[in-house]
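Residue numbers (our numbering): -14 to 260.
Virtual Cβ for every residue (Gly too), placed ideally from N, Cα, C.
These notes are about the structure you will find just below.
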Amino acid sequence: MNIGCHVSIAGGIINAPRNASDLGCEVMQIFTRSPQGGPAPELTEKIISDFKIQNSKFKITAVYIHTPYYINFASSNNRIRYGSVKVVRDELERGNLIGAKYVMTHLGSAKDLGAQEGIAKTIEMLKKTLEEYTGTTKLLIENSAGAGAIIGDDLKEIKKIIDGVKSSAIAGVCLDTQHSFASGYDWRDFEKTITRINKELDLENIKLIHANDSLTELDSRKDRHAHIGQGIIGADAFKNIVAFAEKNNIDMLCETDYDQVAEDIKLLKSFRDEK
């Protein structure tokens, strides 16, 4: 397994591999467009070629793409729903061009439609997103922290959606440690939590881990990341999480502030490399 973080693409994706290497990344996560909205920058043949060359030069073994923040497959607004379909499909196609392994996305909120209809609509929209998609870049569903009527804070809910879509283009789940902790999964009791996750989701569905400590208490329903070992989850819990990831060859990505993310990566590597 390899360890990295979310990396800036300021000035273009061509700069991301060097930025990642400077932080100690072995793998990296990027946006390929502004997460707030607007058109996606063109990926020319030269940009794609140079990006792949830079990844090889800086020994970045895998690239992961995060979709923009505004995705909502369960909105009552057709423009938002179908806009989400278009953007996620576009990110998969862009990922395929640059050789990304996975695109990960949140699903949105069911506040407009209610939980049951919201899940049904999410399944419908994901099917539309993946219709006739043949690329090698696969989709991951990321769990959420659980504020409001957000979809995907409960892993049983994500499993229901994946099973409902029935597409080989969905590889599984990106499991965020902080989001899950904020949704009531207590990583400090590792064996109990991993047993619960296996029952609700099946551990084989975990394809990537967002390694983030938590500024907020268990079951807070708040998305507040902390540096590894500086939050409430704590370093001891992350030793167990890293051991699980290494055993199952699951890459880990930090989404912590840039001021100390290099230290977070270094700490996670030290847990991995302990013998």
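Residue i versus residue j: straight-line alpha-carbon distance, rounded
i	j	result
Glu189	Ile182	10 Å
Lys42	Ala105	45 Å
Thr90	Ile126	5 Å
Lys144	Arg173	24 Å
Lys123	Lys207	28 Å
Ser199	Ile(-1)	32 Å
Asp244	Leu8	10 Å
Ala95	Pro20	21 Å
Ala222	Lys31	43 Å
Val227	His210	17 Å
Val88	Pro26	17 Å
Asp148	Gly(-4)	39 Å
Lys151	Thr119	15 Å
Glu202	Glu117	43 Å
Lys184	Leu140	10 Å
Ser153	Lys86	14 Å
Ser255	Lys224	9 Å
Asp171	Glu248	24 Å
Glu259	Pro24	45 Å
Asp242	Asn197	10 Å
Asn233	Val12	16 Å
Gly22	Asn63	17 Å
Nonlocal neighbours in the same chain, by C-beta distance under 6 Å from residue i, ignoring five residues either side
i	result
Asp267	Absent from the model: residue 267. The displayed extent of the chain is -14 to 260, so no value can be given.
Thr52	Val73, Glu76, Thr90
Pro2	Gln39, Asn40, Phe43, Ile45
Ile288	Lying outside -14 to 260, the shown extent of the chain, residue 288 is not represented and no answer is given.
Leu252	Ile213
Asp138	Ser129, Gly131, Ser168
Ala134	Ser94, Ala95, Lys96
Proximal residues to residue i (C-beta, below 7 Å), its chain only, five neighbours per side dropped
i	result
Gly84	Lys37, Val48
Ile33	Leu82, Ile83
Phe229	Ile179
Val246	Cys(-10), Leu8, Cys239
Asp35	Ile(-1)
Phe175	Ala222, Asn225
Run of the beta strand (DSSP E) containing residue i, from where it starts to where it stops
i	result
Val88	87 to 90
Gln14	12 to 15
His51	48 to 51
Gly157	155 to 161
Glu127	123 to 127
Ile191	191 to 195
Heavy atom of the ligand ATP within 7 Å of residue i beta-carbon
i	result
Ser205	Among the components of this structure there are no ligands whatsoever, and the ligand ATP is therefore not found.
Beta-carbon gap between residue i and residue j smaller than 8 Å
i	j	result
Ile45	Ala5	yes
Asp161	Asn128	yes
Arg79	Thr17	yes
Ala167	Lys192	no
His212	Glu240	no
Ala132	Leu92	no
Val70	Thr114	yes
Gln14	Leu238	yes
Leu103	Ile136	The amino acid occupying residue 103 in the given sequence is Gly; Leu does not appear at that position. Yes.
Unbroken alpha helix (DSSP H) run spanning residue i, endpoints
i	result
Val(-8)	From DSSP, Val(-8) is part of no alpha helix (DSSP H); its letter is neither H nor E.
Leu267	No answer is possible for residue 267: it lies beyond the span of the chain, which begins at -14 and ends at 260.
Phe229	220 to 232
Ala100	100 to 115
Arg209	Premise fails: Arg209 is in no alpha helix (DSSP H) and is neither H nor E.
Leu77	63 to 83
Arg173	No alpha helix (DSSP H) holds Arg173; DSSP gives it neither H nor E.
Gly216	Gly216 -> no alpha helix (DSSP H), and no H or E assigned at all.
Nonlocal neighbours in the same chain, by C-beta distance under 8 Å from residue i, ignoring five residues either side
i	result
Glu231	Met(-14), Arg257
Ser61	Asp97, Leu98
Cys10	Ile(-12), Gly(-11), Cys(-10), Val(-8), Ile45, Ile250
Ile235	Met(-14), Ile191, Lys192, Leu193, Ile194, Phe229
Glu142	Ile104, Ile136
Leu292	Since the displayed the chain opens at -14 and closes at 260, residue 292 lies outside it and no answer follows.
Next on the checklist: Count Cβ pairs between the stretch 210 to 221 and the stretch -13 to 1 that sit closer than 8 Å; are there 3 or more?
Outcome noted: no
Item to check | the stretch 109 to 121 touching the stretch 173 to 182, judged by at least three CB pairs closer than 8 Å | outcome: no
Checklist entry - Does the pairing of the stretch 151 to 167 with the stretch 54 to 74 give three or more beta-carbon distances under 8 Å? => result no
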